[in-house]
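Presented below is the structure to which this report refers.
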Amino acid sequence: MVNFKPLDPDCPIDQQLGVDAGPVVLVNLFTVDAGDQDALIAAWKGDAEWMKKQPGYISTQLHKAVGESCMYLNYAIWDSVADFRAAFTNPEFQSALSHYPSSAVTAPHLFEKVAVQNCCTA
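Going left to right, the sequence shown walks through residues -2 to 119 as my numbering numbers them.
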């Protein structure tokens, strides 16, 4: 079972799920013991395949840290917090979290795009 750790203790994912916003990007940092990396990827793949079928899902991508690090970063784009909340709190998804290795720690957090003049659009 994956262990949750807030990326921002002042505004954990549980609190963010109550916000009405969209589109949003889920950023999720995973750490895992070196011997559990294949199990982490397999569990994440199962989650990703399930999430892809949910309303409001747009895309996802998993990244591995360079070098010997056992850290992974996932980002997923959703139409809204409401769509992500419906998928994330779904009992079927929650029960799948037991497939993660016990060494896995995850730190999910939701973000919105920010417009910065001459750099990026919201």
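Even for Gly, the Cβ is constructed at its ideal location relative to N, Cα and C.
By DSSP, does residue i sit in helix, in strand, or in coil?
| i | result |
| --- | --- |
| Q58 | strand |
| P105 | strand |
| V22 | strand |
| V113 | strand |
Cα separation between residue i and residue j?
| i | j | result |
| --- | --- | --- |
| Q12 | A31 | 31 Å |
| F85 | P52 | 12 Å |
| M(-2) | Y54 | 24 Å |
| D5 | K110 | 17 Å |
Please state whether the Cβ-Cβ distance between residue i and residue j is less than 7 Å.
| i | j | result |
| --- | --- | --- |
| A18 | V63 | no |
| P88 | A36 | no |
| A73 | T57 | yes |
| P105 | I10 | yes |
Can you tell me the Cβ-Cβ gap for residue i and residue j, rounded? I've got them flagged as a contact below 8 Å.
| i | j | result |
| --- | --- | --- |
| F108 | V21 | 7 Å |
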